[in-house]
Amino acid sequence: MAIALPDTLCYLNGHYTPLAEAKIPVLDRGFIFGDGIYEVVPVYGRRLFRFDEHLARLERSLAKIRIPNPHTRDEWLERCRCLVQTLAETRGVDDQVVYIQVTRGVAPRDHVMPDGLEPTVFMMVNPLKHATAEQRHHGVACITARDFRWERGDIKSTSLLGNVLARQMSADHGAVETIMLRDGFLTEASASNVWIVQEGALIGAPKSEYVLEGIRFELLRELCEDCDIPYSLRPVSEAELLSADEVLLSSATKEVLPVTRLDGVPVGHGALRGKPGPVYARLYEAYQQAKRLQSI
């Protein structure tokens, strides 16, 4: 079944063109090998949220797979703003996501990384799908699974088959995410970072090659400091995850979202069992304030 592509404007290798008309050579290494990286920047009210932090992560991912950054900060910003403005003016969409992808470029198929290729740069924008009021009020369901992906989760790679399979597992169970564990310890979810709350403190898995350093790592640290919520990154065992007072997801599109059922069992204790908790409520409100202050 063919799915119609949106007629929005995209950017490809120096040219702005309708998305349905954008094309790359079949020997692009991103198509053949998944040899590339990507970044997703949320946009609120036509303004890019924590743009410099997203660009810094893009640069880290590029460096780790030895692709030169093809643009300066100002060039990236100008291209992002052009796409955002066009979607806002043509469709009246003010909250968006900018998708950026850089692959190694086009070359005859060979596993070895060729020198001197011109990277392929692709960018597009889409309306930002906010979490629903019901999800925020009642929380969401997740499942757990063994983390079977490769060992370089710190690279925001376009090679996402493991994440796709993990996310499909949760979709098959009517859940919004698959929270993964490696050797009995929390890593992350298929498309989110994961946090637990113990006795009022927010705790996340430590930065490692198994975990993508989400932009919300530093943001939530800042918000916790502002809200006087203890914050730490340390190994989180499966038992701690399953017995947590609260479980939260964070990502560019989810912002911060409460998990209230995990593997079919309500999260939390006492009167708040199976309900969004107070740490989530405080962080969500602080997050909304950050969106107003930290977008450009």
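All you need for the working numbering is the position in the sequence shown, starting with 1, plus 3.
We treat Cβ as the ideally placed atom computed from N, Cα and C, and that holds for glycine.
Check	Outcome
Between the stretch 221-229 and the stretch 184-192, can you find at least three pairs of beta-carbon atoms closer than 8 Å?	no
What are the residues that DSSP puts in a beta bridge with Cys145?	Glu180, Leu265
For the stretch 161-243, which segments carrying the alpha helix (DSSP H) assignment without a break, of at least 4 residues, lie completely within its bounds, in sequence order?	164-175, 218-230
If Gly302 sits next to Arg32, beta carbons under 8 Å apart, how far is it from one beta carbon to the other, in whole angstroms?	There is no way to answer for residue 302, as the model of the chain reaches only from 4 to 299.
If you draw a straight line from the alpha carbon of His114 to that of Gly95, how long is it in whole angstroms?	44 Å
Let me check understanding here. Comparing Cα to Cα, which of Tyr213, Pro281, Pro117 lies closest to Phe151?	Tyr213
CB Leu131 to CB Pro73, shorter than 8 Å?	no
Closer than 7 Å by C-beta to Lys257: which residues in its own chain qualify, once you throw out the five before and the five after it? Chain order, please.	Ala134, Ser195
Identify, in the order they occur along the chain, each residue of the same chain with its Cβ nearer than 7 Å to the Cβ of Lys294, setting aside the five sequence neighbours on each side.	Tyr47, Phe52
Return the first residue and the last residue of the alpha helix (DSSP H) that Phe151 is part of.	Counting along the chain, Phe151 falls outside any alpha helix (DSSP H), and DSSP gives it neither H nor E.
Touching or not, the stretch 173-181 and the stretch 217-224, by the rule of three or more beta carbon pairs under 8 Å?	no
Taking C-alpha atoms, which residue in Tyr14, Pro209, Leu58 lies nearest to Asn129?	Tyr14
Measure how close the beta-carbons of Thr263 and Gly277 come, nearest whole angstrom, since I'm counting them as under 8 Å.	5 Å
Beta-carbon of Val250 versus every beta-carbon of chain D: anything under 8 Å?	Here chain D cannot be found, since the structure has a single protein chain.
Give me the Cα-Cα distance between Pro9 and Gln104, rounded to the nearest whole angstrom.	18 Å
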